[in-house]
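The numbering used here numbers the first residue of the sequence shown as 3 and each following residue consecutively. Note that the Cβ used here is the ideal one computed from N, Cα and C, for glycine as well. If you're wondering where the values come from, they're calculated on a predicted model, not measured in any experiment. For reference, the structure is listed below as structure tokens.
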Amino acid sequence: MLARGSGRSAIIFLAITLGAWLPVRLQAEDWPQFRGPNASAVVGATYPLPVEFSQTDKLKWKAAVGEGISSPIVCDGRVYVTGMLNQQKLAVFCLDAKRGTPLWRREFDTGKLPRITPPNNPASSTPACDGKRVYVYFSTLGILALDAADGKDVWKRPLPVPAYLMDWGAASSPIVYRDLVIFNQDDDLRPTLFAFDAATGNERWHTDRSDMLAGYAIPVICEADGQTDVVIAGSGKLKGYDPETGAERWTCNTMLRTVMTSPVVRDGIIYVACQSYGDEKRTLKFALLEWLDTNQDGQLARDEVPKEFWKRFDASDKDHNGFIEGDELDTAFQSSENMVGGGATIQAIRGGGRGNVTATHVVWRNDYKVKAPPSNLSSPLVVGDQLFLVKKGGLSSSFDAATG
């Protein structure tokens, strides 16, 4: 499945091979959220997928769905995807999975959009579906629940508009676990994990993640050691939460500063791959100067920082001279208890436990020296005894899933 943006619009292309790729898969199981069931990116049965395909070769159908980088999902014979129709209008599309026929479409006024850095796009969050309702997140609207059959409103839950020091923009996606819609919003201002009642939208719980910086990992579910955890990779830490209460159960302090990929869980083992700007000694201050120090004088002035962060700027300006400089940069805008650097790492971590499991639950890890900016390392794919990764530029790698 390919989603491609071209100027003002995007087209969903569905490839077809012997037996029809997507429709055959659809008859056996759904693809109800970002990266499929529990974000595994793995189809649970064997299908004759095409080895070679293009925008014309093996094409089943195509449909215009607006501009965006969200992924389509499949649920009960329908495809759901979001797209921007113009600078202040978001659309949710529902299509027949076999034919591409439009079934319904909803449009929403977004209001003034926050700043965003390409290649990110305002329509970047992937929907989630439980068969009854489709759940969509948008930065200025919050979470919307729509009737999966006809697109009518079920409930709406406004959320704080996320803020990003480097203007990366929102790209988090909701998941459905039992009767909960779980959504993690790791921004640079007020990172929070939320859980809502899937039927009513009532908040069940929320958990502060104030030691996090901006990140884009979606929650995954891990069953290990007789417990079920909501697991999220974030700045410096992989954490497990009680899905019923949101209470933090454990933390493994082995992550990098910025986590843009999502973990994969198999047989109680959590696999993570991430890459972040700089090396292990280059903490947030180097990224701040790289991205925000417009005159490159080695310090940050208040007007070089987004307005949403002026209050935190003032708190970081310890000597009140109007600049964040020197030692002040070491702890600016971040938790002094969670200062981590960059690099590249692949890890396997045993799920479950209580408290700090850093010393006991790391099965294996591979760390790589990376001096250049990150090149978009993918979320891992674990199939059989192998872990697969892809980097921007087309470099594909395979690792032994048991040993790394």
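query                                                                                                                         : result
Coil, strand or helix - Lys-60 by DSSP                                                                                        : coil
Rounded straight-line distance, which links the Cα of Asn-255 to that of Phe-198                                              : 28 Å
Simplified DSSP assignment, three categories, for Trp-293                                                                     : helix
Proximity winner among Gln-229, Ser-42 and Leu-258, relative to Ala-235 (alpha-carbon distances)                              : Leu-258
Distance CB(Ile-177)-CB(Pro-129) smaller than 7 Å                                                                             : no
Beta-carbon contacts of His-363 that lie in its chain and below 7 Å, excluding the five residues immediately before and after : Cys-254, Ile-351, Arg-352 and Gly-355
Alpha-carbon to alpha-carbon, Phe-325 and Asp-332                                                                             : 13 Å
CB contact flag (Ala-125, Gly-38, <7 Å)                                                                                       : no
Close-in-space but distant-in-sequence residues of the same chain around Val-163 (CB under 7 Å, 5 per side omitted)           : Pro-116, Ser-141 and Thr-142
Bridge partners - Leu-51, DSSP secondary structure assignment                                                                 : According to DSSP, Leu-51 bridges with nothing at all.
Close-in-space but distant-in-sequence residues of the same chain around Arg-10 (CB under 7 Å, 5 per side omitted)            : Because the pLDDT at Arg-10 is just 34, under 50, the model does not fix this residue reliably, and the value given afterwards should be weighed accordingly. Closer than 7 Å at the Cβ level, and outside the excluded window around Arg-10, lie Glu-69.
Range of the contiguous beta strand (DSSP E) that encloses Thr-347                                                            : 345-352
Close Cβ partners of Asn-378 (< 7 Å) along its chain, the five nearest in sequence each way excluded                          : Lys-393 and Lys-394
CB contact flag (Tyr-137, Val-183, <7 Å)                                                                                      : yes
Reduced DSSP secondary structure (H/G/I, E/B, other) of Asp-252                                                               : Before going further, note that residue 252 is Trp rather than Asp in the sequence given. In the structure shown, Trp-252 sits in a strand (DSSP, three-state: E or B).
Cβ neighbour criterion (16 or more within 10 Å) applied to Val-261                                                            : buried
Residue(s) in a DSSP beta bridge with Ser-278                                                                                 : Gly-345
Proximity winner among Lys-91, Gly-242 and Leu-215, relative to Ile-223 (alpha-carbon distances)                              : Gly-242
Selection from Tyr-179, Arg-367 and Gly-300 that minimises the alpha carbon distance to Ala-275                               : Arg-367
Inter-stretch contact at 8 Å, needing at least 3 Cβ pairs: the stretch 104-119 / the stretch 150-165                          : yes
Assigned exposure category for Leu-240 - 16 Cβ within 10 Å defines buried                                                     : buried
Neighbour-count burial assignment, Gly-238, 16 or more Cβ in a 10 Å radius                                                    : buried
Residue from Ala-346, Asp-269 and Gly-345 with nearest C-alpha to Ser-42                                                      : Asp-269
Per DSSP, the bridge partner or partners of Val-385                                                                           : Gln-388
Buried versus exposed, by CB contacts within 10 Å (16 or more), Pro-120                                                       : exposed
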